[in-house]
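Below is one structure, written out as C-alpha cells; comments come after it.
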Amino acid sequence: MKKIIFKLVVFSAVTVSLAFLGGCKSKNPNGMDDWDDTEGLIVGDSIEGSMLNDSMGLPADGDRSLFPPVFFAYDSSQVNPEEAGKCEEVAKYLNKGKCEGVIVEGHGDERGSREYNLALGERRALAVRDYLISLGVDPAVIQTKSYGEEMPDNMGHDEAAWRQNRRVVFAIY
Amino acid sequence: MIRRIFVGSAMLAVSSSLAQRAVVERSGSGKISINLSGFRTGNDSSSRTFLSVLKADLNRSGYFTVKSSGAEYNVAGKAVAGRQLQTQVQVFKVSTRQRALGKNYNAPVKSTRSLAHKVADEITYALTGKRGMASGKIAVVYRKGKIKELVVCDMDGKNPKQVTRDRSIVVGPRWTPDGKNITYTSYKRGYPYVYMTGKSKPLASYGGLNASGAVSPNGKYLAVILSVSGNAELWVKDLRSGKMVRRLSNTRRGIEASPCWSPDGNHIAYVSDSSGRPHIYVISWRGGTPKRISTSGTENVAPNWGKNGYLTWCSRSGGKYRIMVGSPKNRSVRQLETDWADYEDPCWAPDGRHIVCSRTSNYRSAIYLLDTLKDSPVALLAGSGDWYSPACSP
C-alpha cells in the first residue's frame, strides 16, 4: 500500500507540473454534456484510486477456476443484481487475505469494432473492480485486463454464445 | 454514361485540390485505355510476372482499362531477367505519338513484384497526375485458431510477410507516418500494451488498458487509449520524453476508442459513446470541445483520416456494417455501395481514392478493396484463416 501511495504522489507531482505547462484552461460555453475542456487537465484527482503508472512486472495470469464469471447485457457494463453475489464471494476471499490479488478480465461478444470492444471490456472490468472496492477490497490488489472480443469462451455465433462471451473472469494469483 | 454517385449534394460543392477531386468527382466511362501487348518479355518467369503484375495493377488502379487493341496509350519496351531484372518502359500516346514516359528500371529478381508496382504508379502519375496505390503496403491481422499475428503484404494482397511471431493476440495495427513502422496492441507480456515494430519496449504499459496507439504526423506524439485514470480515455503522450502531454477526453460514463490523426496533425478523430451510442468525434489535439461527425446509424466506429482530407469509418445501420465517407469540415456524409455482407475497419489507400476494409460473411473475414468512385469491390486477401483490421501504408 505504501508503494502505491508513493507512486500516486510521484505521478501527481508530474501531472500537476504538466498541468502548469498546459497553461490556462478556458471553459467552452457550448460544451457538450459529459465533456470537460480537458486542456492541460491532468490533475491528481483523475488518478484517484486508479492503477499503476507502469504495470510491467505485475502478475499477468492466475487461477480462473476458483470463481464463476460475471455476465453482462449487450453493450452494458453494469453489474446486474443477480450477478453481484459472484463479486461478493470474490471480495470475501480477497478480504480474508487468501491470495495476493486478482486480475479482473473483461470480455465482449464478437459484434462491433474490435478496438471499441477493447474499451468496453475494460469498462466491464473496471465496473467489477469498483464494486470490489466498494466491498472493502484494497484497490492495490485488483488489476484489470480487457480482452475485448479476442478471447471468446463460446465460439458460436448466436445470442446464447454472445451472452456467454460478455463476461468478466476472475484470475486469482 | 455519367452516374451520379453522391447522395449528399453538399459533397459536390467541395473540391479544390486534386486529391479532393479524386473523392468527389463524378464518375463516368472516363477510363484511359492502355495497351501493353507491345511490351516484350523473356521466357523466364520473372519478366512475365513483371508484366502480369503491371497489367493487374493498372486495371486495379481504377484509372485504366488494359486493352489489346485500339487503346489511347501504348506501352512499349521490354523486361529481361538475368541476375537482375532489367526493364525499359516507354508509354506513348497513340494519337500524337508523343512519349508520356520513358524510363529504365533495374531491380534484383526477388523484387520483381515491387518493381512492377513502382512502374504501375509511375505510369499512373505520368498519365493522370494522380498518385497510384500499387506500391503501398497493407498491415493486417491474421488469425488462425487462437493465435493472431501481424502480417504485411503488398496492396494487391500478395507477398505476405509475417511480422510478429509472439503466438499472442495483436489488435489494431497502424502505420507510423514515415511508413517504416507499425504500432499495434499485443498481449505478449500478459497485459494489453502498445508496441511499435523494431522496439521491444512498449510505447504504453500503464495499469489497465493500453490500446489503439497512433503516432502523430510529425512523429512526436502518440494518441492512445488508456484506462489508467479509472476509465478508458483518449490521451496524448510525448514519445521522446515518455511523458503524458494531456488527456483529451473526460467522460466518466463514456469510453473512447480508435484515435487517428488529421493529415496536418492538428486534430484527432476518435470514437466515443458519451452520447449513449458510439459516434465519431473530432477534437483539436490541444484539447477543447469535440465536434461530432457521425449523425446516423446505431454504431459509428473505426475512423480513418485520409491525406485527401476525408474521414472514412464504419457505421451500423439496418443491422449491417457499412463504410461511410465524410468531410469533417461540412459534415457531409455518404455510404459506399456494398452488398449484404458486413464491411468494417476501413482505411484509405495511398491513392486517396480506394478504401481497404474487412468484409465478413458467414463469420469469415477477408480483406477487400473498395473504390469510392465506381469500380466493383475486389478481394485482396481471403481464405485459410481470418484476415481483418487492415491498415494501409501512408
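Keeping their order, the protein sequence lines are chains A and B. Residues 43 to 215 in my numbering are what the first sequence spells out, letter by letter. Residues 7 to 400 in my numbering are what the second sequence spells out, letter by letter. Where a beta carbon is used, it is the ideal one built from N, C-alpha and C, also for glycine.
Please report the straight-line C-alpha distance between HIS199 of chain A and ALA85 of chain B, rounded to a whole angstrom. On the first sequence, position 157 is the one that residue 199 of chain A refers to. On the second sequence, position 79 is the one that residue 85 of chain B refers to. Taking C-alpha positions only, HIS199 of chain A is separated from ALA85 of chain B by approximately 51 angstroms.
Return the CA-CA distance between SER118 of chain A and ARG166 of chain A, expressed in angstroms with no decimal places. One-based indexing of the first sequence puts residue 118 of chain A at position 76. One-based indexing of the first sequence puts residue 166 of chain A at position 124. Rounded to whole angstroms, the gap between the alpha carbons of SER118 of chain A and ARG166 of chain A is 8 angstroms.
Sequence ranges, alpha helix (DSSP H) only - wholly within the segment 92 to 142 of chain A, length at least 4: For the segment 92 to 142 of chain A, whole alpha helix (DSSP H) runs of length 4 or above, ordered along the chain, are 123 to 137.
Just checking, does the segment 245 to 258 of chain B make contact with the segment 318 to 331 of chain B on the three C-beta pairs under 8 angstroms criterion? Touching, no, given that fewer than three Cβ pairs across the two stretches are closer than 8 angstroms.
SER280 of chain B - DSSP class collapsed to helix/strand/coil: The residue given as residue 280 of chain B occupies position 274 in the second sequence. Of the three classes helix, strand and coil, the one that applies to SER280 of chain B here is coil, per DSSP.
Our contact map puts SER74 of chain B next to ASN41 of chain B with C-beta atoms below 8 angstroms; I'd like the distance itself, whole angstroms only. The residue you call residue 74 of chain B lines up with position 68 of the second sequence. The residue you call residue 41 of chain B lines up with position 35 of the second sequence. Rounded to the nearest angstrom, the Cβ distance from SER74 of chain B to ASN41 of chain B is 6 angstroms, consistent with a contact under 8 angstroms.
Could you tell me how far apart the beta carbons of GLY178 of chain A and LEU162 of chain A are, in whole angstroms, since I believe they sit closer than 8 angstroms? As a position in the first sequence, residue 178 of chain A is number 136, starting the count at 1. As a position in the first sequence, residue 162 of chain A is number 120, starting the count at 1. Contact between GLY178 of chain A and LEU162 of chain A is ruled out by a C-beta separation of about 27 angstroms, above the 8 angstroms threshold.
Have a look at B:TRP311, B:SER141, B:LYS99 and B:SER233 and flag the residue whose alpha-carbon is nearest the alpha-carbon of SER97 of chain A. Here residue 97 of chain A refers to the residue found at position 55 of the first sequence. SER97 of chain A has its Cα closest to that of B:SER233, out of B:TRP311, B:SER141, B:LYS99 and B:SER233.
Let me know the secondary structure DSSP gives ASN164 of chain A once reduced to three states. Numbered from 1 along the first sequence, position 122 holds the residue referred to as residue 164 of chain A. Checking the displayed sequence, the identity of residue 164 of chain A turns out to be Glu instead of Asn. Here GLU164 of chain A sits in helix by DSSP.
The segment 166 to 194 of chain A: positions lying closer than 9 angstroms to chain B by Cβ: Under the 9 angstroms Cβ criterion, the segment 166 to 194 of chain A contributes ALA167, LEU168, ARG171, ASP172, GLN185, THR186, LYS187, SER188, TYR189, GLY190, GLU192 and MET193.
Residues of chain B with a CB under 7 angstroms from the CB of LEU162 of chain A: which are they? Within the first sequence, residue 162 of chain A is the residue found at index 120, counting from 1. Residues of chain B with a Cβ closer than 7 angstroms to the Cβ of LEU162 of chain A are, in chain order, ILE261.
Per DSSP, which one or two residues make a beta bridge with ASP392 of chain B? As a first step, residue 392 of chain B must be located in the second sequence, where it is residue number 386. Residue pairing from DSSP places ASP392 of chain B in a beta bridge opposite B:ARG149.
Going by the DSSP bridge assignment, what does TRP202 of chain B pair with across the sheet? Taking the first residue of the second sequence as 1, we reach residue 202 of chain B at position 196. Looking at the sequence itself, residue 202 of chain B is Met, so the reference to Trp does not match. The partner list for MET202 of chain B (beta bridge, DSSP) reads B:THR189.
Cβ-Cβ distance between GLU152 of chain A and ALA263 of chain B below 7 angstroms: The count along the first sequence starts at 1 and reaches residue 152 of chain A at position 110. The count along the second sequence starts at 1 and reaches residue 263 of chain B at position 257. Result no, Cβ atoms of GLU152 of chain A and ALA263 of chain B do not sit closer than 7 angstroms.
Under 7 angstroms by beta carbon: chain A residues contacting ALA238 of chain B: The count along the second sequence starts at 1 and reaches residue 238 of chain B at position 232. The contacting residues are ALA161, GLU164 and ARG165.
Rounded separation between MET197 of chain A and THR186 of chain A - CA only: Translated into positions along the first sequence, residue 197 of chain A becomes position 155. Translated into positions along the first sequence, residue 186 of chain A becomes position 144. Rounded to the nearest angstrom, the two C-alpha atoms are 23 angstroms apart.
Using the C-alpha atoms, what's the distance from ARG370 of chain B back to PRO111 of chain A? As a first step, residue 111 of chain A is located in the first sequence; it is residue number 69 there, counting from the start. As a first step, residue 370 of chain B is located in the second sequence; it is residue number 364 there, counting from the start. Computed Cα separation, rounded: 28 angstroms.
If you run the structure through DSSP and keep just helix, strand and coil, what is THR71 of chain B? Stepping through the second sequence from its first residue, residue 71 of chain B is reached at position 65. Reduced to three states, the DSSP call for THR71 of chain B is strand.
Check the Cβ-Cβ distances between PRO179 of chain B and every residue of chain A, and say whether any is below 7 angstroms. The residue given as residue 179 of chain B occupies position 173 in the second sequence. Judged by the 7 angstroms Cβ criterion, PRO179 of chain B is not in contact with chain A.
Using the Cβ count rule (16 or more neighbours within 10 Å means buried), how would you classify TRP346 of chain B? Here the question's residue 346 of chain B lines up with position 340 in the second sequence. Under this definition TRP346 of chain B is an exposed residue.
Candidates B:ALA385, B:PRO383, B:THR134 and B:PRO208, of which the one nearest THR189 of chain B by Cα: In the second sequence, counting from the first residue as 1, residue 189 of chain B sits at position 183. Measuring from the Cα of THR189 of chain B, the nearest candidate turns out to be B:PRO208.
Checking 7 angstroms against the spacing of the C-beta atoms, do ALA113 of chain B and LEU107 of chain B come in under that value? For the purposes of this step, residue 113 of chain B is taken as the residue at position 107 of the second sequence. For the purposes of this step, residue 107 of chain B is taken as the residue at position 101 of the second sequence. Note that the C-beta distance between ALA113 of chain B and LEU107 of chain B is not below 7 angstroms.
Local conformation of LEU317 of chain B per DSSP, three classes: Locating residue 317 of chain B in the second sequence gives position 311, where the first residue counts as 1. Correct three-state label for LEU317 of chain B: strand.
Taking the alpha carbon of ASP172 of chain A as the reference point, which residue from A:LEU100, A:GLY99 and A:VAL210 has its own alpha carbon closest? Translated into the one-based positions of the first sequence, residue 172 of chain A becomes position 130. Comparing Cα-Cα distances from ASP172 of chain A to each of A:LEU100, A:GLY99 and A:VAL210, the minimum goes to A:VAL210.
Quick check: the Cα distance between SER117 of chain B and PHE45 of chain B, rounded to an integer number of angstroms? Reading the second sequence from its first residue, position 111 is the one you call residue 117 of chain B. Reading the second sequence from its first residue, position 39 is the one you call residue 45 of chain B. Looking at the two C-alpha atoms, the distance is approximately 19 angstroms.
Residues that TYR197 of chain B contacts on chain A, provided the C-beta gap is smaller than 7 angstroms: Taking the second sequence and counting its residues from 1, one reaches residue 197 of chain B at position 191. Going along chain A in sequence order, the residues near TYR197 of chain B (Cβ under 7 angstroms) are SER97, ALA102 and LYS187.
CA nearest to the CA of SER218 of chain B, picked from B:GLY88, B:PRO179 and B:ALA372: Position 212 of the second sequence, counted from the start, is the residue given in the question as residue 218 of chain B. Minimum Cα distance to SER218 of chain B is reached at B:PRO179.
Counting only beta-carbon atoms, is TYR116 of chain A nearer than 7 angstroms to chain B? Taking the first sequence and counting its residues from 1, the one referred to as residue 116 of chain A is at position 74. At a cut-off of 7 angstroms between beta-carbon atoms, TYR116 of chain A makes no contact with chain B.
Just to confirm the assignment: which complete beta strand (DSSP E) runs, minimum length 3, are found wholly within the segment 205 to 282 of chain B? For the segment 205 to 282 of chain B, whole beta strand (DSSP E) runs of length 3 or above, ordered along the chain, are 216 to 221, 227 to 232, 239 to 244, 250 to 253, 262 to 267 and 273 to 278.
Give me the Cα-Cα distance between ASN314 of chain B and ASP348 of chain B, rounded to the nearest whole angstrom. Mapped onto the second sequence, residue 314 of chain B falls at position 308. Mapped onto the second sequence, residue 348 of chain B falls at position 342. Going by C-alpha positions, ASN314 of chain B is about 25 angstroms away from ASP348 of chain B.
GLY282 of chain B classed as buried or exposed, judged by whether at least 16 other C-beta atoms fall within 10 angstroms: Walking along the second sequence from the start, residue 282 of chain B turns up at place 276. Answer is exposed; the Cβ neighbour count stays below 16.
Tell me the DSSP secondary structure of GLN60 of chain B in three-state form. By one-based count along the second sequence, residue 60 of chain B stands at place 54. The identity of residue 60 of chain B in the sequence shown is Leu, whereas the question assumes Gln. Three-state result, LEU60 of chain B: helix.
Between B:TYR394, B:LEU317, B:GLY293 and B:PRO198, which has its C-alpha nearest TYR212 of chain B's C-alpha? In the second sequence, the residue the question calls residue 212 of chain B occupies position 206. For TYR212 of chain B, the nearest C-alpha among the options comes from B:PRO198.
Proximal residues to VAL277 of chain B (C-beta, below 6 angstroms), its chain only, five neighbours per side dropped: To locate residue 277 of chain B, count along the second sequence from 1; it is residue 271. Exclusion of the five residues before and after VAL277 of chain B leaves ALA263, SER264, PRO284 and VAL307 as the residues of its chain whose Cβ lies within less than 6 angstroms of its Cβ.
Three-state secondary structure (DSSP) at ALA82 of chain B? Along the second sequence, read from residue 1 onward, the residue named residue 82 of chain B stands at position 76. Three-state DSSP puts ALA82 of chain B in a strand.
What's the C-alpha gap between LEU174 of chain A and ASN216 of chain B? On the first sequence, position 132 is the one that residue 174 of chain A refers to. On the second sequence, position 210 is the one that residue 216 of chain B refers to. Using only the alpha carbons, I get a separation of about 22 angstroms.
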